[in-house]
């Protein structure tokens, strides 16, 4: 099936038995979400597939990918935790149940101290760190497809992402997740400032590169004069949110 093929191409690090188990989880999720649509109008199954793809890119284990495909079935369908345990085992059932419990938390933070309490609560609730990782991948895909929601809901989800989920990703060392969550939240929560800042950064990129080249040459010349080994210098461009 075309939908599963997108995920299948990312699973070469797993053995055939594991891939077959993941395919079985996909079929259960496909049937469970058959009548459901996302706000984008797409079949709902496109969301768990996207979440599983994000995690497969990280080379996570088969249980995590199975749970990613099934992460909304307890909350949104008639399937129970016991059904999952019978079909896929306790590990997958516990992961899906853990994600469902996190999804039920209502975040209404306005203050940084309250946001920190929420972050601690999320981390404490997850007995298995994979629950948090699945939830972060779930949030990342939701942020990537946020434009289909009404403006007020976009603002609320963006603020929640910036205050709760991006800091958790940083705390877990998932910096690529954190940066993308921050960028998407900034773009949605404050689109005017995001657009202005992006324009300024793009227009000044050439001049910044000249400065970096000059600094690099100066350092390399200094190393050569001191008869020290040459070195490779690397850098990264700050994200728009971190500049802001």
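Residue numbers (my numbering): 474 to 717. Quick reminder that beta carbons are idealized off the backbone N, C-alpha and C, glycines included.
In this structure, how does DSSP classify residue i when only helix, strand and coil are distinguished?
| i | result |
| --- | --- |
| residue 574 | helix |
| residue 710 | coil |
| residue 532 | coil |
| residue 740 | As shown, the chain starts at 474 and ends at 717. That puts residue 740 outside it, with no answer to give. |
| residue 488 | coil |
| residue 545 | coil |
| residue 552 | coil |
| residue 540 | helix |
| residue 482 | coil |
| residue 474 | coil |
| residue 608 | helix |
| residue 566 | helix |
| residue 601 | coil |
| residue 699 | coil |
With distance defined between alpha-carbon atoms, name the residue in the options nearest to residue i.
| i | options | result |
| --- | --- | --- |
| residue 509 | 548, 534 and 566 | 548 |
| residue 667 | 552, 715 and 650 | 715 |
| residue 529 | 622, 636 and 491 | 491 |
| residue 718 | 555, 567 and 658 | Residue 718 cannot be examined here, being either before or after the span of the chain that is shown, 474 to 717. |
| residue 437 | 664, 552, 711 and 486 | Nothing can be reported for residue 437, as the shown portion of the chain is limited to 474 through 717. |
| residue 604 | 541, 677 and 705 | 541 |
| residue 493 | 524, 536, 506 and 517 | 536 |
| residue 559 | 501, 523 and 507 | 501 |
| residue 570 | 593, 594 and 599 | 599 |
| residue 688 | 707, 672 and 597 | 707 |
| residue 561 | 588, 711, 497 and 591 | 497 |
| residue 519 | 699, 618, 674 and 651 | 618 |
| residue 524 | 712, 476 and 628 | 476 |
| residue 543 | 506, 650 and 680 | 506 |
| residue 711 | 555, 702 and 655 | 655 |
Just grab the DSSP bridge partners of residue i for me.
| i | result |
| --- | --- |
| residue 521 | Answer is none; residue 521 lacks a bridge partner. |
| residue 516 | 510 |
Are any of the Cβ atoms in chain D nearer than 9 angstroms to that of residue i?
| i | result |
| --- | --- |
| residue 622 | No chain D appears in the structure shown, which is made up of a single protein chain. |
### Task
Taking 8 angstroms as the threshold, find out whether the region 636–643 comes into contact with the region 595–609 through three or more Cβ pairs.
yes
### Task
Let me know the alpha helix (DSSP H) ranges lying completely inside the region 610–697, each 4 residues or longer, listed in chain order.
624–633, 639–644 and 648–662
#### Entry: Sufficient close CB pairs (3 or more, under 8 angstroms) joining the region 511–530 to the region 480–489
yes
### Query
Are the region 682–694 and the region 654–663 in contact at 8 angstroms, needing three or more beta carbon pairs?
no
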